[in-house]
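As structure tokens, the structure follows; a few thoughts come after it.
In mature numbering (1 follows the signal peptide of the UniProt record, and there is no 0), the protein residues as written are -24 to -1, 1 to 163.
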């Protein structure tokens, strides 16, 4: 694992808890040159560092901002994916309006620190892949783009779910969500 991969969760937590007054306006940053770069936007900080070892750049996770809101481009498989920070861990989600709640894979639940033990899979859910065992959890914090939410109900499912799902209970907190061609915008 490269150094930047180890530091990314820490930098993202700093971004999430930093007081707005403590962060100077970011310097101009060129637009991403490819769709893949849209998931990570770097903003240079102009605030003076109190020590020589303090970071001079802050990495913010999420889709790029446009006048229509955060913008997500359609993936090659025809679906929309976003990167989110859940309890400090970066997690990839499929935007799924058919999912009632946020759903995590067991691996993503472990990374977010909410992995239930086997005794907590006491209910079941009907998914596109059939019926599967499910455990309810609460996500302390979830950040997607500029949207920061707390105490989000979620489920962890056993089975062959390939990616976590960003469900209606999170999507309903947005002001708007629109799809235009190959772009999804949310505010």
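Every residue, glycine too, gets a C-beta built ideally from N, C-alpha and C.
Enclosing alpha helix (DSSP H) for residue 85 [first to last residue]: 82 to 87
Completely contained beta strand (DSSP E) runs for the stretch 115 to 141, where each covers 3 or more residues: 123 to 133
Buried/exposed call for residue 124, threshold 16 Cβ in 10 Å: exposed
Distance between beta carbons of residue 143 and residue 164, contact taken as under 8 Å: This structure gives no information on residue 164, because the portion of the chain shown stretches from -24 to 163.
Whole-angstrom C-beta distance between residue 116 and residue 151, which should lie under 8 Å: So it is not a contact: roughly 23 Å between Cβ atoms.
Nearest-angstrom Cα separation, counted from residue 154 out to residue 160: 6 Å
Length of the line joining the Cα atoms of residue 126 and residue 145: 12 Å
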